[in-house]
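This report concerns only the one structure given below.
Now the structure itself:
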């Protein structure tokens, strides 16, 4: 930026100050806006793409500097002081944000045409990109002193104003000639909103892309504001409750955008969550994330159902409660029978024949693996016979690829393999006939039994986890994988496997609620059904509290 | 069985920045619009009912005012139990919010009607004298925001076209 | 293990949706009506 001409900065400061005064002193901004745009143009601000970029970047930096100055002058941390300083900052930040809003809304000519919408969208993307780059640069320069406030405020006000759909600024267009001359739209009083209405999804996408640029793994200093943004009611409303919401049977277009952001957040936390002791800041962020997941579980369970596989791939294995929370989601119109009901006949439930949502979209991890062809051939014809012995090698990764992480396996690949084999098994059996006997002696069960025997403790843990991740609400996957897990328990010839199956289930049960329905019914079946001889095993008595726990669960369901 | 992992250098850097960021916590008002008009008036009745709503400029109120939001104060039933004057206060000073919406609903339940052309609320005080399909003439009570009280108006012309 | 999620101050038994009054991850007080934007009729925007 050393090529910034000094006079340009001066012009920018003057224009910005002029606008802030106008913003706070004029009842109807519309009347003065076109004159202001005229003065921008007279100053050469709108002449070239570069000058527009420079103006926004400098304006952003000026607002940011001012905010830092106010914040540093803040006397104490009392709520009153915090609120007052922020109010002062917002005077400037909100005015700047509303200038962007008006420029975006007014940009473009030929009302109602695609070119007009594109002009609006392009300007918006440009400005968002500029703000994001200033954030990144600020974090590099200020490091620990970086503060989110200015950026977060500008972005969230932009989002609220540009996605609300109603014209909150009392804008009506007049003096069309000047605007037309400036390349700004100038038609009847409503022209702003319809052309903006039809690009709402692109506007939402533009903000989501900006959030991806500012994602916690890239800008950790912005992480808390970032989470606050994606949990803001207007953002959730737009992403998750959009016009095509699930109620109309069509997924809302904002879901994949929101899922991507959520997964980025969990991926960022994952390495820290892998260790038991959480640093305070991570614990704070983690708790915030749990709150957001709880809201999703309560308000948008179908969303969690839809993206449960990708979320489970991102959630580290030992963040059990977080994973349980995701797996506990079930469609709102579904009634779950109490898993503790004596003599509950799962296979008599009507939903048990239906596959869960989202399962068709998630096998990207398998799409281009080298052994896909062998896998399919083995499932079909149990050949090549060497496939089973080679499978473990396919699932392992070299220690070098994840320095510091002792995980030797490709967890998303294991998850995808288990899901795929299960789906193929269900197809082969026909969902109506899933039972302990129908799932046995198939090439699918060969693969599962081979993995149970051939993998080492860590590998087997991940494999059993992949199966346990399927124990969710009543559906054909829950039913099949519940039978598969119990079958592995019953048929295993070493107690170590039976103990590990029990451990995988147990660690999901002893964590605080919620617990997925399928997990509960599977565990209850395991301890209740005498054919599994569960109580004959030594590991049931490995510790007094464990034994007590088993007995209490048994009491409650027998 | 996976055991702990050693955080790579990139994670340590992220953690360092995250720790610093946690010292500049996000405040709820960071993502709320500032409502200037709402804040500078703090009539007694308003303070009694909505003390926690005052943001961002928190007005000092006597300590015996309720310090916590009253339960269910975001429900329609709660608004139905508020006095008319309080409802007008909320309607006028909390524009564009759910509170204004709920106040409008409650006022309608008290047979107040909003007159868009005159930006006022009115209530029919007695049977109209003359009714045509264009208008009706009668005596009405309307709320005067300036004098903050209700006034009776004779022969007020009520035009259907503007009835919301 | 884990935390008691009911202590996160979210009314999980609420019939209403939670996100529309969610004040953000770091505040416990659900938003009150006057803090929530609402698409009221244009005529209502008097000020």
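Protein chains in written order, with our numbering: chain A, 2 to 559; chain B, 14 to 177; chain C, 236 to 282.
Think of the CB as a built atom: it goes at the ideal place given N, C-alpha and C, for glycine as much as any other residue.
These numbers were taken from a predicted model, which means no experiment stands behind them.
CA-to-CA distance, residue j to residue i, given in whole angstroms
{"i": "residue 107/B", "j": "residue 338/A", "result": "45 Å"}
{"i": "residue 102/A", "j": "residue 391/A", "result": "59 Å"}
{"i": "residue 498/A", "j": "residue 453/A", "result": "7 Å"}
{"i": "residue 151/A", "j": "residue 330/A", "result": "36 Å"}
{"i": "residue 172/A", "j": "residue 108/A", "result": "Confidence is the limiting factor: at residue 172/A the pLDDT is only 35, short of 50, which leaves the residue's position unreliable, though a coordinate-based value still follows. Their backbone Cα atoms lie some 14 Å apart in a straight line."}
{"i": "residue 388/A", "j": "residue 296/A", "result": "44 Å"}
{"i": "residue 358/A", "j": "residue 307/A", "result": "5 Å"}
{"i": "residue 167/A", "j": "residue 528/A", "result": "Residue confidence is low: residue 167/A scores 40 on pLDDT, short of 50, so the model does not pin down where it sits. Its coordinate-derived value is still stated next. C-alpha separation (whole angstroms): 58 Å."}
{"i": "residue 311/A", "j": "residue 442/A", "result": "30 Å"}
{"i": "residue 243/C", "j": "residue 249/C", "result": "14 Å"}
{"i": "residue 382/A", "j": "residue 469/A", "result": "27 Å"}
{"i": "residue 224/A", "j": "residue 208/A", "result": "16 Å"}
{"i": "residue 85/A", "j": "residue 24/B", "result": "35 Å"}
{"i": "residue 474/A", "j": "residue 154/B", "result": "58 Å"}
{"i": "residue 212/A", "j": "residue 265/C", "result": "25 Å"}
{"i": "residue 139/B", "j": "residue 133/B", "result": "18 Å"}
{"i": "residue 263/C", "j": "residue 61/A", "result": "32 Å"}
{"i": "residue 492/A", "j": "residue 483/A", "result": "14 Å"}
{"i": "residue 200/A", "j": "residue 122/A", "result": "8 Å"}
{"i": "residue 550/A", "j": "residue 467/A", "result": "24 Å"}
Residue-chain proximity (residue i, chain A), Cβ-Cβ < 8 Å
{"i": "residue 265/C", "result": "no"}
{"i": "residue 17/B", "result": "yes"}
{"i": "residue 27/B", "result": "yes"}
{"i": "residue 279/C", "result": "no"}
{"i": "residue 254/C", "result": "yes"}
{"i": "residue 75/B", "result": "no"}
{"i": "residue 89/B", "result": "no"}
{"i": "residue 14/B", "result": "yes"}
{"i": "residue 94/B", "result": "no"}
{"i": "residue 268/C", "result": "no"}
{"i": "residue 33/B", "result": "yes"}
Below-8 Å beta-carbon distance, residue i vs any chain C residue
{"i": "residue 99/A", "result": "no"}
{"i": "residue 141/B", "result": "no"}
{"i": "residue 45/A", "result": "no"}
{"i": "residue 123/B", "result": "no"}
{"i": "residue 292/A", "result": "yes"}
{"i": "residue 41/A", "result": "no"}
{"i": "residue 237/A", "result": "yes"}
{"i": "residue 228/A", "result": "yes"}
{"i": "residue 84/B", "result": "no"}
Proximity to residue i [Cα-Cα], best of the options
{"i": "residue 625/A", "options": "273/C, 279/C, 242/C and 280/C", "result": "This structure leaves residue 625/A out entirely; chain A is present only between 2 and 559."}
{"i": "residue 624/A", "options": "448/A, 505/A and 422/A", "result": "Outside the shown range of chain A, which is 2 to 559, sits residue 624/A, and nothing can be said about it."}
{"i": "residue 146/B", "options": "171/B, 161/B and 124/B", "result": "171/B"}
{"i": "residue 89/B", "options": "121/B, 105/B, 76/B and 98/B", "result": "121/B"}
{"i": "residue 55/A", "options": "37/A, 36/A and 130/A", "result": "130/A"}
{"i": "residue 238/C", "options": "351/A, 323/A and 419/A", "result": "323/A"}
{"i": "residue 350/A", "options": "480/A, 19/A, 274/A and 159/A", "result": "480/A"}
{"i": "residue 28/B", "options": "35/A, 34/A and 217/A", "result": "217/A"}
Three-state secondary structure assigned by DSSP to residue i
{"i": "residue 135/B", "result": "strand"}
{"i": "residue 198/A", "result": "helix"}
{"i": "residue 242/C", "result": "helix"}
{"i": "residue 126/B", "result": "strand"}
{"i": "residue 282/A", "result": "helix"}
{"i": "residue 32/A", "result": "helix"}
{"i": "residue 76/A", "result": "coil"}
{"i": "residue 121/B", "result": "helix"}
{"i": "residue 95/A", "result": "helix"}
{"i": "residue 159/B", "result": "coil"}
{"i": "residue 546/A", "result": "helix"}
{"i": "residue 148/A", "result": "coil"}
{"i": "residue 372/A", "result": "coil"}
Contact with chain B by residue i, beta-carbon distance below 8 Å
{"i": "residue 318/A", "result": "yes"}
{"i": "residue 1/A", "result": "Outside the displayed range of chain A (2 to 559) lies residue 1/A, so it cannot be described from this structure."}
{"i": "residue 249/C", "result": "no"}
{"i": "residue 498/A", "result": "no"}
{"i": "residue 397/A", "result": "no"}
Q) Any residues in the segment 137 to 166 of chain B with a beta carbon nearer than 9 Å to a beta carbon of chain A? Which ones, in chain order? A) none
Q: With 7 Å as the C-beta to C-beta threshold (strictly closer), list the residues of the segment 458 to 475 of chain A near chain B in chain order.
A: 458, 459 and 462
Q. In chain order, what residues of the segment 274 to 287 of chain A put their CB closer than 8 Å to some CB of chain B?
A. 275, 276, 277, 280, 281, 282, 283, 285 and 286
**Q.** Members of the segment 95 to 113 of chain B that neighbour chain A once the beta carbon cut-off is set at 8 Å
**A.** 109
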